[in-house]
Structures are given as C-alpha cells and as structure tokens.
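What follows is one structure encoded as structure tokens, with my remarks underneath.
Residue numbers (UniProt numbering), protein chains in the order written: chain A, 1 to 214; chain B, 1 to 214.
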C-alpha cells in the first residue's frame, strides 16, 4: 500500500509531537488521548488524529496512545533511528554554536568537521571538532560517510557551497545563510532556516494594531 | 478602514519578500513584476498579489512594483523602521552566537545585555556585551527600554524566564529553548524557534520513500 504524499504542514508538526512525547515519557505518562495531547501541543484532537492518519494512524479507539510507542513510531518516521554524520561549512558564530550544541549529539548527530576559509584558524579545534580549509571539503566528504551538510557561511557563497556539497554526494543540506537554497535536480533535501525571518515575524506582531490581534 | 486579521502564513512570507527585495535593490533592479518576483521567491504571481492585497496592495497594473518602494513598505509592515533594544537570557553557545550576530545590528537590533547563572562568568564581555547575573534581569529591564527578550536557556527554565520577562514589561519574546512558550494573557508576542524541529524535518525527508518525493 503506497501512502500518498504527506503535506509539508503535517511533516512540520511531527517534530513538535515528538518533542512533547519525549517530555510526557520523561514525566512518567504512559498513555494519552488525542484530546489531552491536543491541549498540550495547542492543536485540536481531530487535527492530531488527521495528522497521524497520514502515516496509517497509531491510536486505539477508547484507549488513546501509548506514549512510548507513539514516541518511537514518530522517531522512526523522522529518521531518528539512524545516526547522522554532519559537517559544518562556515565556522563563525552560528557554525561554532552548532558544533557545540550538545542536544544534537544526544539525538544521534555527530559533527565530524568544520570548514572555513579564515577564522577560527584552520587546524584549531572547536569543541573537539577540527577546522579544515574549505578546499578540503569534497575530499573529506568522499572519504567519510557524511549525511548532512550545514551551511553557516555568508550569503554570497552559500549557494556555491550547497552545489559543492551536492556534487560531493551529500544528500541533506541544512542552510542557515540568509538566502534560499534549493537543489531540486540533484535529489538533495534542503531545509532553509532563516533566523531573521523568524525575528521579523516577531517585530511584525510587536507593531501590529492591538485591535487586530487575537 | 480596518484591515482584517492577516493569516500567519502570509505574515511568515513577508520577511522572505523583504529579503529578496533587499537583494534586488542591491543588484540595481528598479522595478519588478509579480511574475518575476514569483520566479525569484518560488511563489506564484497570484499568491504574491494576494499576499500584498492583505495590506492594501502595492503594485500598479502594467508597471509592477518599484523595488525600493516595495522594500520600504514591507520594512514598515515588519516594524523595521524602528530600533529594538534586546536582551539575551542564556549566555551559552546559541546566546553568544546571537550576541555576535552582526546581521542583527545592521537591521536595527542592539543586544544591550546577556544574562546567565554561570558561564561565561558574570562580569565578562561577549562581543562587547556584558554578562549579568540573571537575578538582575528585572531591574535591568525596568531601567532600560528593552523591547525584545531572547531565551536561549535550557528547556527546564525557559517558561519561568518568559514569565519573568513578561512581568518585567517585555512585550516581545524570541524563544530558542526546545519548549513552546506562549503568554496569551499577558499581551506578549512570542516567537518560538526550534532548531531541532527544523533539523528533524530534514531527516524526515532524507528517509522518505524516494517514490513519494516531489
């Protein structure tokens, strides 16, 4: 049975469910109804049931969801049963912060190398991760099994770096540079995360006419 | 004339238009049609016209948009005509990276202070920004005009910090901790940015059945 393509909105809610389920499990909750999960996550019970139905549905009528089972199922859907080898190109503030981000290690992501053109000096270590000259990136990717390339370079070079990553064989790119990267023809998954887009959404709301707010 | 409430999806596309318009202006482009803007941004011309109509519409039939005027109008909608005083609570990797993020300075955001309980040591400077003990946050906010509070603390204390920010009078919160913060009763705008939700969207796609990809 082939599942139909799941919408982007549903996919983007799955990590949120996962986050809440990890918390519920930590707090010793064993089962939960869609209604309660809705109250936690700020969604409606029917939305949650619809979302889960995209993946076949996980609940039992009258019982709800087993928290650990649901958490593990969603972890599987999100690919968290695997381990990911990651490189970061751009060892500036954001690149260094990500290299130091212990949460990623806990979730199965290992930063194998940082690449940059200048500072921090090539050959130094950031949180035990060596900084390499960016010219060595392709060779590194071919020699190691690199699953994800993170781009934290200035905007001007981000697209070029993404193309180089794709040519070297990286299949997943997480881009923080303030430019939209997409590589539809190369079978590469790209997730663009624009910090300033999020900040400007906040300033929009700060300046909204109070009468129009919810 | 009261504008009706603009949907979240439209609001979230405005920073993206702004980003592209800044680029177009930098590249000397003076005017642009919705079709061309659509090709740039990956949206359809009719989507763009609909989005802009939520704010009254900016184009002229047969002319398109004047790039600089449109950029300035959207900057105004996003509140970028103002200057924002920002504090960051949580001077770990992400907090330090944000304190160092020069893009924010260029866009009118000044980080006035960092707050933490431990490292980097209180009293040290990160990119010229002093690290204060978190107990002093309320006093600092009352003495200075603080518009936005950024939360980069561990998950366990994020909600408490958000409540303390709101009580001290901060009206905008940008939360990076992996927990959803909302303060609907206190007239505080909150934007949650979850790095790992974005990363898990990428791993979802990396593990998707190729036949189901677009």
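Yeah, the Cβ is synthetic: ideal placement off N, Cα and C, and Gly gets one too.
Remember, it's a predicted structure, so these values are computed and weren't measured experimentally.
What residues in its chain sit with their C-beta under 6 angstroms from that of residue 127(B), if we drop five residues either side in the sequence? 99 and 100
N- and C-terminal bounds of the alpha helix (DSSP H) containing residue 190(A): No alpha helix (DSSP H) contains residue 190(A), which is instead part of the beta strand (DSSP E) from 189–192.
By Cβ distance, which residues of its chain are closer than 8 angstroms to residue 18(A), with the 5 residues on each side in sequence left out? 71, 74, 75, 78 and 80
For residue 124(B), count the other beta carbons within 10 Å of its own beta carbon; 16 or more makes it buried, fewer makes it exposed. Which is it? exposed
Enumerate, from N- to C-terminal direction, the unbroken alpha helix (DSSP H) stretches of 4 or more residues contained entirely within the stretch 50–101 of chain A. 67–77 and 93–99
Cβ pair residue 85(A), residue 147(A) closer than 8 angstroms: yes
Strictly by DSSP, which residues pair up with residue 169(B)? Answer is none; residue 169(B) lacks a bridge partner.
Coil, strand or helix - residue 176(B) by DSSP: coil
Kindly say whether residue 94(A), judged by its beta-carbon, lies nearer than 8 angstroms to any beta-carbon of chain B. yes
Interface partners of residue 97(B) on chain A, CB under 8 angstroms: 93, 94, 96 and 97
Over the uninterrupted alpha helix (DSSP H) stretch that includes residue 147(B), give me the two end residues. Premise fails: residue 147(B) is in no alpha helix (DSSP H) and is neither H nor E.
Look at the Cβ atom of residue 154(B), then the Cβ atom of residue 139(B), and state whether they are nearer than 8 angstroms. no
Applying the 10 Å Cβ sphere with the 16-neighbour rule, what's the burial state of residue 224(A)? Since the first residue of chain A shown is 1 and the last is 214, residue 224(A) is not available in this structure.
Does the contact criterion of 3 or more C-beta pairs under 8 angstroms hold for the stretch 91–98 of chain B versus the stretch 49–60 of chain B? no
Between the C-alpha atoms of residue 21(A) and residue 29(A), what's the straight-line distance to the nearest angstrom? 9 angstroms
Please list, in chain order, all residues of the same chain as residue 182(B) whose beta carbon is under 6 angstroms from its beta carbon, the five residues on each side excluded. 190
Is residue 157(A) helix, strand or coil when you go by DSSP? helix
Determine the burial state of residue 27(A): buried for a count of at least 16 other Cβ atoms within 10 Å of its Cβ, exposed for fewer. exposed
With H, G and I counted as helix, E and B as strand and the rest as coil, what does DSSP make of residue 121(B)? coil
Alpha-carbon to alpha-carbon, residue 38(B) and residue 60(B): 16 angstroms
Distance between residue 173(B) and residue 2(B) (C-alpha atoms, nearest Å): Because the pLDDT of residue 2(B) is 43, which lies under 50, any placement of that residue in the model is unreliable, and the question is left without a value.
From the beta carbon of residue 42(B), is the nearest beta carbon of chain A less than 8 angstroms away? yes
Taking the beta strand (DSSP E) that residue 206(A) belongs to, which residues open and close that run? It is not in any beta strand (DSSP E) - residue 206(A) instead sits in the alpha helix (DSSP H) that spans 195–207.
Would you mind telling me which residues of chain A sit closer than 8 angstroms to residue 197(B), beta carbon to beta carbon, in chain order? 12, 15, 16 and 19
Counting along the chain, where does the alpha helix (DSSP H) carrying residue 183(B) start and finish? Per DSSP, residue 183(B) belongs to no alpha helix (DSSP H) and is neither H nor E.
Bridge partners for residue 31(B) per DSSP, in chain order? 66(B)
Just to make sure I have the definition right: I need the residues of chain B whose C-beta is within less than 8 angstroms of the C-beta of residue 87(A). Which are they? None at all; the shortest Cβ gap to chain B is about 14 angstroms.
Please state if the CB of residue 158(B) and the CB of residue 131(B) are separated by a distance shorter than 8 angstroms. no
Any beta-carbon of chain A closer than 8 angstroms to the one on residue 169(B)? no
Closest by CA to residue 115(B), which one among 166(B), 202(B) and 87(B)? 87(B)
How many Å lie between residue 214(B) and residue 205(B) at the Cα? Interpretation of residue 214(B) is limited by its pLDDT of 46, a score under 50 that renders its predicted location unreliable; the figure taken from the coordinates is listed afterwards. Looking at the two C-alpha atoms, the distance is approximately 11 angstroms.
In chain A, what lies closer than 8 angstroms to residue 124(B) by C-beta? Per Cβ cutoff of 8 angstroms: no residues; residue 124(B) is ~16 angstroms from chain A at best.
Taking C-beta pairs closer than 9 angstroms, name the residues in chain B that residue 72(A) reaches, listed in chain order. Those within 9 angstroms of residue 72(A) in chain B number zero; the least Cβ separation is about 14 angstroms.
Using a C-beta to C-beta distance shorter than 9 angstroms, which residues of chain A count as neighbours of residue 172(B)? 202, 203, 205 and 206
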